[in-house]
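Input: a single structure, listed below in structure tokens.
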Amino acid sequence: MDPRDEQARHDEAAMRLALDQAHNAWLVGEVPVGAVIVREFEGQRQVLATGYNRPITTHDPTAHAEIVALRHAAQLLGNYRLPDCELYVTLEPCAMCAMALMHARFKRVVFAAVDPKTGAAGSVVDLFANPQLNHHTAVHGGVLAEPCGSLLRNFFAERREQTRRAREAAAAAAATEPDYDIVEVIEMQDTTPGDLSDV
Ligand SMILES: [Zn+2]
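Just so you know, we're using the working numbering here: the sequence shown kicks off at 67 and counts up by one.
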């Protein structure tokens with residue numbers, strides 16, 4: 067097999083695992099982004115760690131999918147540098163994750179969909195292309211971009227729909243509710259004569 071086809075096949079298989087992780091994020095109410103770390107070891111590719119986005123559930127603004135997977139992998143190998151590893155993530159990494167992956171000396175980072183708002187691999191900035199910052203980590207985008215991107219779009223569409231429905235339900239409830247303010251005023255007035263006669 068052509069080595070490029072072989073690489074493409076590996077990339078797609080690993081990104082499918084990252085996409086499964088993104089689904090896990092959705093299940094717990096987080097923005098669906100997933101990551102997988104693969105290591106080449108004695109000629110074999112092995113999945114070392116997985117992670118999905120969970121800053122809300124863990125009250126941790128740094129708990130992006132990449133960081134979650136990165137921490138697992140580093141703990142597992144007992145090393146803060148992971149030069150034999152590749153990370154697959156369903157969305158273009160942000161600046162925080164890009165720098166963490168470069169600090170860890172990752173061999174390669176592969177992402178799926180681009181993130182025009184915070185992407186740091188070419189969309190907003192390209193930290194990987196900066197020779198002052200990066201001497202180690204190759205980056206490649208667009209693997210399974212369509213399914214990974216539509217998962218995100220569907221998530222945000224559903225969330226907007228839920229917000230709209232909640233707003234409508236609140237408006238409908240307000241329109242049919244009895245006017246408690248008036249009832250309360252009448253009750254207060256009723257107690258007034260009693261209070262006065264006690265004086
Ligand atoms: Zn990030």
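Note that the Cβ used here is the ideal one computed from N, Cα and C, for glycine as well.
Just list the residues that DSSP pairs residue i with in beta bridges.
i           : result
residue 124 : Beta-bridge pairing links residue 124 to no other residue.
residue 157 : 179
residue 73  : Partner(s): none; residue 73 has no beta bridge.
residue 110 : 107
residue 206 : 176
residue 116 : 102
residue 152 : 104, 174
For the candidate residues the options, whose alpha-carbon lies nearest to that of residue i?
i           : options            : result
residue 137 : 107, 97, 172, 214  : 172
residue 168 : 132, 143, 144, 182 : 132
residue 115 : 154, 90, 149       : 154
residue 191 : 78, 163, 240       : 163
residue 104 : 145, 150, 194, 126 : 150
residue 217 : 129, 90, 112       : 90
residue 144 : 170, 230, 178      : 170
residue 184 : 174, 161, 220      : 161
residue 107 : 127, 152, 94, 224  : 152
residue 95  : 228, 242, 68, 77   : 228
Determine the DSSP secondary structure at residue i, reduced to helix, strand or coil.
i           : result
residue 212 : helix
residue 192 : strand
residue 86  : helix
residue 33  : This structure cannot settle anything about residue 33, because the visible part of the chain is limited to 67 through 265.
residue 134 : helix
residue 264 : Reliability fails at residue 264, whose pLDDT of 47 lies under 50, so the model's placement of it is uncertain and the value that follows must be treated cautiously. Of the three classes helix, strand and coil, the one that applies to residue 264 here is helix, per DSSP.
residue 93  : helix
residue 224 : helix
residue 230 : helix
residue 147 : coil
At least three beta-carbon pairs within less than 8 Å, the segment 128 to 143 to the segment 191 to 207: no
Three or more C-beta pairs below 8 Å linking the segment 231 to 246 and the segment 200 to 213: no
Would the segment 204 to 223 and the segment 73 to 92 be scored as touching if the rule is three or more Cβ pairs under 8 Å? yes
Does the contact criterion of 3 or more C-beta pairs under 8 Å hold for the segment 92 to 103 versus the segment 115 to 125? yes
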